[in-house]
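Quick note on the UniProt record's numbering: the sequence shown kicks off at 1 and runs consecutively. From the three backbone atoms N, C-alpha and C, an ideal C-beta is built for every residue, glycine too. No experiment lies behind these values; they were computed from the predicted model shown. Right, one structure below, let's go through it.
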Amino acid sequence: MSEIITTKQQELGKIIEQYSEGEGVFKTAIPSLYFMRLSNTSESSHGVYKPSFCMVVQGAKEVWLGQDRFRYSPSDYLVSSVHLPVITQVTEATPDVPYLGLRLEFSSSQVLKVLNDSELRELPKENSKRAMFVSHIESSLMDAVIRLAHLLDNPNDIPVLAPLYTEEIIYRVLQGKNGNILRGIVMGESAIHQIRDVIEHIVNRYDRSFRIEELAELANMSVSSFHRHFKEVTALSPIQFQKQMRLQEARRLLLTESLDATDVAYRVGYESTSQFSREYSRMFGFPPILDIKRLKA
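Spelled out as structure tokens, the structure:
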């Protein structure tokens, strides 16, 4: 990592420290911008990444998408182009040198606006179909992130300038080595664009049953082609994707609402409570009630 990038990382780290009170994830005054600070490495944690730009400013992190592992450190950034169920783990953090990171969520309409305002509209070559990627961070992208973060010092500027700086960050990502992946998500007749529509369909209706033939028709593909392309984009089959979305939501409901496991199972789409408990245990390592007691302890 160059000395220039290192200096900029230190500047950004000071901003994150300033606006992070204690340990954990912190929502900032800028819509869709989150800071994270941890003084120790973490256990593996299940979650769902929305379309987002993520940076490690200090320390290191791993993200698992299916069987794929994405490792990134202060010289890198990670982008999730669609909703993706993942497993994350902070692998480098100490009380003296805590893990510092940020996440900026964005929408496909923001990406499309940047493309429409730029000369980056040509259809991408599909050399990679995964909807998640890690790239080396460039100085121009770092500058845009720092400009956005510094708006926290001037809250009155946020409504006007935060959208502009967010678009600049998206623009720099689109210019980067893997920008074609993000570009393919929002435009063209690429397979990744067609699969995005199906992902949004499942995310919005995860509690409902579906037939693979219906999803394939939505993607305008044959069933076999749809299966192949869906797994290329998400590293999961459609059934695995839906199952992980259901179980992630079930865990959230058990943690945050006064519901028992049976109520939660039905709410997220299970017809069999025993199947729900079995699949929950397989994913999280404990049956629902024990898992929640452990997390709340």
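Review point. Helix or strand or just coil, what does DSSP make of G184?
Key: Helix.
Review point. Taking M142 as the reference, which of T166, R130 and E105 has the closest Cα?
Key: Checking every option, the nearest Cα to that of M142 belongs to T166.
Review point. For Q18, which option in L100, I87 and A60 has the closest C-alpha, if you only look at C-alpha atoms?
Key: When each option's Cα is compared against that of Q18, the closest is L100.
Check your understanding: Secondary structure at D96, three-state DSSP: helix, strand or coil?
Key -> Coil, per DSSP.
**Study point:** Counted within 10 angstroms of its Cβ, other Cβ atoms place H180 as buried (16 or more) or exposed
**Key:** Position check: residue 180 holds Asn in this sequence, whereas His was assumed. Flag for N180 reads buried.
Review point. Straight-line CA distance for L290 to Q89?
Key: Near 22 Å, if we compare the C-alpha coordinates of Q89 and L290.
Check your understanding: So, V57 versus I4, is the Cβ gap smaller than 8 Å?
Key -> For V57 and I4, no; Cβs fall outside 8 Å.
Check your understanding: Count the other CB atoms within 10 Å of the CB of T234; is the residue buried (16 or more) or exposed (fewer)?
Key -> T234 comes out buried.
Check your understanding: So, is N116 buried or exposed, given that buried needs 16 or more other C-beta atoms within 10 angstroms?
Key -> That one is exposed.
Point to revise | Opposing strand residues paired with V72 [DSSP bridges] | key: What sits at residue 72 in the sequence shown is Tyr, not Val. In DSSP, Y72 forms a bridge with K61.
Check your understanding: Going by other Cβ atoms of all chains shown within 10 Å of its Cβ, with 16 needed for buried, is N178 buried or exposed?
Key -> That one is buried.
Review point. From H136 to F70, what does the alpha carbon distance come to, in whole angstroms?
Key: Cα atoms of H136 and F70: separation of roughly 13 Å, rounded to the nearest angstrom.
Review point. Near Y49, what residues of its chain come up, given a Cβ to Cβ distance below 6 Å and the 5 sequence neighbours on each side ignored?
Key: The residues are S80, L84 and V86.
Practice item. Write down the C-beta distance between L33 and L148 rounded to the nearest angstrom, noting that I regard them as a contact closer than 8 Å. Key: Yes, L33 and L148 are in contact; Cβ-Cβ is about 7 Å, under 8 Å.
Review point. Could you give the C-beta distance for Y72 and K61, rounded to a whole number, given that I count them as a contact under 8 Å?
Key: Cβ atoms of Y72 and K61 come within 8 Å of each other, at about 6 Å.
Exercise for review: Would you check if the distance between the CB atom of residue 358 and the CB atom of F284 is smaller than 8 Å?
Suggested key: Because the chain in this structure spans residues 1 to 297, residue 358 falls outside the shown range and cannot be described.
**Study point:** Burial state of L255 (16 or more Cβ within 10 Å)
**Key:** L255 is exposed by the Cβ-count criterion.
Review point. Distance, Cα to Cα, V268 vs R251?
Key: Going by the C-alpha atoms only, they are around 10 Å apart.
Point to revise | Entirely enclosed beta strand (DSSP E) segments - the UniProt domain "HTH araC/xylS-type" (196 to 294), minimum 3 residues | key: DSSP runs (the beta strand (DSSP E)) wholly in the UniProt domain "HTH araC/xylS-type" (196 to 294): none.
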